[in-house]
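Novice:
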Amino acid sequence: MKEIRNFCIIAHIDHGKSTLADRLLEATHAVEGKTAEDQVLDSMDLERERGITIKSHAVRLEYTYKGKDYILNLVDTPGHVDFSYEVSRSIASCEGALLLVDATQGIQAQTISNLYLALENDLVIIPVINKIDLAGAKPDEVEDEIMDLLGCERSEILRASGKTGEGVDTILETIINRIPAPVGDAEAPLQCLVFDSMYNAYRGVIAYVKVVNGTLREKDNVRFMSTGLEYDAEEIGVLRMTHEPCHELKAGDVGYIITGIKESKDVRVGDTITQSERPAEAAIDGFEEVKPMVFAGVYPIDTKDFENLRSSLDKLRLNDASLTFSPESSAALGFGFRCGFLGLLHMEIVQERLEREFNMDVITTVPNVSYLVYDRTGGCKEVHNPSGLPDVTHIERIEEPYIRATIITHAEYIGPVMTLCLDKRGELISQNFIMGNRVELLFDMPLGEIVIDFYDKLKSLSRGYASFDYHITDFRPSKLIKLDILLNGEPVDALSTLTHVDNSVPFGRRMCEKLKELIPRQQFDIAVQAAIGAKIIARETIKAVRKDVTAKCYGGDISRKRKLLEKQKEGKKRMKKIGTVEVPQKAFLAVLKLD
């Protein structure tokens, strides 16, 4: 155990975590020749296309230092705020962390957030300034920022370049010298922490584990403590670039276990695995339960695919523990699932993974957050969907979730950023200048206002400089009302939203205008209306596709023309009674891009 080091790389998005991980893999000869490529740990096509890390990736490295062989278990983590649950799980399986800061951008919001996560778990922090080879690098200024943040000495901060490989050997030596070896007893009863899992069509569920105490051997009979189910360990091994089988994993090791489990619900992230013959007395303190921030309905385009969608979501949840879902039905869309996501990017990624990995064509409804609704009898109900709201006459008050938002930006963009936050009903809590011309703004804001297009607007206002991070603080009473969208007088429940009284009329008007552009014209007029209760607050009409019925009528009396037009009018009226309006998928997503 004295030769094992478990560490992760944490940083803000785009500060070079995956590139530095590539250099660490090369320096330890974990990848060579044909297997060496950029962002080698980002195995998903989606990650490569977007240039972001979505999943944490664990890999075992071997390094010789002062004549001794060391085992380094590295976890490369995502940087985007929507995947912070992945980061928290990686941190729980490590003893140390490399805190990466971009030499051109300095400390950003997610850098601070991830640092606090690591400090809460008592990890040893090694600060590293990355991208020092760039022309715009300001390593001295960034060093001052890190010293302010961590209270460390200048000599403790390392400088490196993920692109050129400069400083990589120093990082590896510092990991060995400063990060402690894992603590545990190889002779004690077995305790393994499940920190991730994935589904393989041939082998079933593969669980990734960190052995905290005891020794796990091949063919052992093991028990999952949360479900009480027992299985034989068909295969165990370590996580190199591929799964490499071995005969035993001792305390401090990180590896995988295959038990032939076919049902994804039988494996839970944060569970403890022990031996059936000599079980551990208690489970390891698992991870905190994930709290979804954004809810949306996910429905199969073809209703026959409902069961396929259920099994696809089950398998996806194995690989993405922050996804939650429960069945629901909609009058417009049939049977589907109410899914909870950590943010809009997370929702987009899940939808894309369903299409690519499971060939599921789905419709996603307007995203919203959860509200607490208090009725006049004193009861309280959590509502994730506007259609679940009780009658207005029974509601005492509605409380919505508030967040504490941290925004770090250049001083020149303070004006537009503050205007944006105040327009979203934000309250300024504090404003602090960090080194030079960078400022940190703290706002209290309703979560419902930021889930749709806030992040995109913030990035465009600040030309990509502003960084954003948030956490839920509490629920506060608010004047919220349900806004319905009616097509020919029929409400489309998938387009209903809960909105603040002050925003309702302009929001309803913009919705109607957008839907008028997106819904295809039919043979009859379609009335698109926004309503609050029985009161219509906005209306647009999609005109019917018309045929020139009077083309063949020339000369003669005007009454002949009128007769043909009346005949067409009757036909349109009949068609309107039996005609249904198909709402395309892009109309459901229109709400996200109203501006």
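For the sequence shown, counting from 1, position 164 maps to 164 in full-length UniProt numbering; every step adds exactly one.
The beta-carbon is built from N, C-alpha and C at its ideal position, and this holds for glycine as well.
Note that the coordinates shown come from a computational prediction; the quantities given were computed from them, not determined experimentally.
Relative to the C-alpha of Asp-423, which candidate in Asp-444, His-471, Tyr-85 has its C-alpha closest?
Specialist: Here the closest residue by C-alpha is Asp-444.
Novice: Looking at C-alpha atoms only, which residue of Ile-125, Gly-165, Ser-496, Pro-139 is the closest neighbour of Cys-152?
Specialist: The candidate whose alpha carbon is nearest that of Cys-152 is Ile-125.
Novice: Are three or more beta carbon pairs between the stretch 174–191 and the stretch 259–274 nearer than 8 Å?
Specialist: Result yes; three or more Cβ-Cβ pairs closer than 8 Å.
Novice: If we ignore side chains and look at the alpha-carbon of each, how far apart do Asn-73 and Ile-434 end up?
Specialist: Computed Cα separation, rounded: 34 Å.
Novice: In this structure, what does DSSP give as the bridge partners for Ala-207?
Specialist: Its beta-bridge partners are Ser-197, Ile-257.
Novice: Flag this pair as yes or no: are the beta carbons of Ile-299 and Gly-340 separated by less than 8 Å?
Specialist: Reading off the sequence, residue 299 comes out as Tyr, not Ile. No. Outside cutoff.
Novice: What beta strand (DSSP E) runs, 3 residues minimum, are completely inside the stretch 488–519?
Specialist: For the stretch 488–519, whole beta strand (DSSP E) runs of length 3 or above, ordered along the chain, are 497–500.
Novice: Indicate whether Leu-216 and Val-267 have their beta-carbon atoms separated by less than 8 Å.
Specialist: Against a cut-off of 8 Å, the Cβ pair of Val-267 and Leu-216 comes out as no contact.
Novice: Do you know how far the Cα of Glu-263 is from the Cα of Leu-488?
Specialist: In the sequence as displayed, the identity of residue 488 is Asn instead of Leu. Spanning the two alpha carbons is a distance of roughly 45 Å.
Novice: Can you name the start and end residues of the beta strand (DSSP E) that Gln-275 belongs to?
Specialist: Run containing Gln-275: 272–275, per the beta strand (DSSP E) assignment.
Novice: With DSSP as the reference, please indicate the residues paired to Thr-406 in a beta bridge.
Specialist: DSSP lists Leu-442, Asp-469 as partners of Thr-406.
Novice: May I have the straight-line CA-CA distance separating Phe-507 from Asp-469, to the nearest angstrom?
Specialist: Approximately 26 Å between the Cα atoms of the pair.
Novice: Going by DSSP in three states, Ser-18 sits in which element: helix, strand or coil?
Specialist: Helix, per DSSP.
Novice: Measure the CB-CB distance between Arg-499 and Leu-483 and report whether it falls below 8 Å.
Specialist: Checking the displayed sequence, the identity of residue 499 turns out to be Thr instead of Arg. Yes; because the gap between Cβ atoms is below 8 Å, this pair is in contact.
Novice: For the beta strand (DSSP E) that Tyr-413 lies in, which residues bound it at each end?
Specialist: It is not in any beta strand (DSSP E) - Tyr-413 carries neither H nor E in the DSSP assignment.
Novice: Where does Cys-380 fall in DSSP's three states?
Specialist: Three-state DSSP puts Cys-380 in a strand.
Novice: Just list the residues that DSSP pairs Leu-337 with in beta bridges.
Specialist: Looking at the sequence itself, residue 337 is Phe, so the reference to Leu does not match. Beta-bridge pairing links Phe-337 to Val-298, Pro-327.
Novice: Count the other CB atoms, across all protein chains shown, that sit within 10 Å of the CB of Leu-515; report buried if there are 16 or more and exposed otherwise.
Specialist: Its Cβ being crowded by 16 or more others within 10 Å, Leu-515 is buried.
Novice: Sort Leu-564, Glu-218, Phe-524 by Cα distance to Asp-232 and report the nearest one.
Specialist: Selected option, being the one with the closest Cα: Glu-218.
Novice: Suppose contacts are defined by Cβ-Cβ distances below 8 Å. Is Gly-204 in contact with Gly-270 by that definition?
Specialist: No, they are not a contact pair.
Novice: Can you tell which of Asn-130, Val-392, Ala-405, Tyr-70 has the C-alpha that lies nearest to the C-alpha of Leu-428?
Specialist: Nearest C-alpha to Leu-428: Ala-405.
Novice: Tell me where the beta strand (DSSP E) around Asp-69 begins and ends.
Specialist: It spans 68–76 - the beta strand (DSSP E) in which Asp-69 sits, taken as one unbroken run.
Novice: Starting from the C-beta of Leu-441, find all residues in its chain whose C-beta is less than 6 Å away, skip the five residues before and the five after it, and write them out in chain order.
Specialist: Hits under 6 Å: Ile-407, Gln-431.
Novice: Which full runs of the alpha helix (DSSP H) of 4+ residues lie inside the stretch 122–167, going along the chain?
Specialist: Segments of the alpha helix (DSSP H) lying fully in the stretch 122–167: 139–150.
Novice: Using 8 Å as the threshold, is the C-beta distance between Ile-10 and Thr-77 below it?
Specialist: Yes. Within cutoff.
Novice: What does a CB cutoff of less than 6 Å around Ser-329 pick up in its chain, not counting 5 residues either side in sequence?
Specialist: Within the same chain, Ser-329 has close Cβ partners Phe-335.
Novice: Does the stretch 472–479 come into contact with the stretch 516–531, if we say contact requires no fewer than three beta-carbon pairs (one atom in each stretch) closer than 8 Å?
Specialist: Too few Cβ pairs lie closer than 8 Å, so no.
Novice: Can you check which of these residues, Pro-386, Ile-558, Ala-466, is closest to Gln-105 by C-alpha distance?
Specialist: Out of Pro-386, Ile-558, Ala-466, Ala-466 has the C-alpha closest to the C-alpha of Gln-105.
Novice: Which whole-angstrom value is the C-beta distance of residue 614 and Asn-130, which I expect to be below 8 Å?
Specialist: The structure shown does not extend to residue 614, since the chain is modelled only from 1 to 595, so the question has no answer here.
Novice: I'd like the span of the beta strand (DSSP E) that includes Lys-250, first residue to last.
Specialist: Looking at the DSSP string, the run of the beta strand (DSSP E) that includes Lys-250 is 248–250.
Novice: Work out the CA separation of Cys-553 and Glu-449 for me, nearest whole Å.
Specialist: Computed Cα separation, rounded: 57 Å.
Novice: Tell me which residue opens and which closes the beta strand (DSSP E) that Gln-108 is part of.
Specialist: From DSSP, Gln-108 is part of no beta strand (DSSP E); its letter is neither H nor E.
Novice: From this set, His-410, Arg-539, Ile-284, Ala-527, which residue's C-alpha is nearest Ala-109's C-alpha?
Specialist: The candidate whose alpha carbon is nearest that of Ala-109 is His-410.
Novice: In whole angstroms, what separates the C-alpha of Lys-34 from that of Leu-458?
Specialist: Residue placement at Lys-34 cannot be trusted, given a pLDDT of 47 that sits under 50; what the coordinates show is reported in the next sentence. Taking the straight line from one Cα to the other gives about 41 Å.
Novice: DSSP three-state label for Lys-34, please.
Specialist: With a pLDDT of 47 at Lys-34, under the threshold of 50, the predicted position of this residue should be treated as unreliable, though the coordinate-derived value follows. In this structure, Lys-34 counts as helix in the three-state DSSP scheme.
Novice: Kindly identify the DSSP beta-bridge partner or partners of Cys-8.
Specialist: Bridge partners of Cys-8: Val-75, Ala-97.
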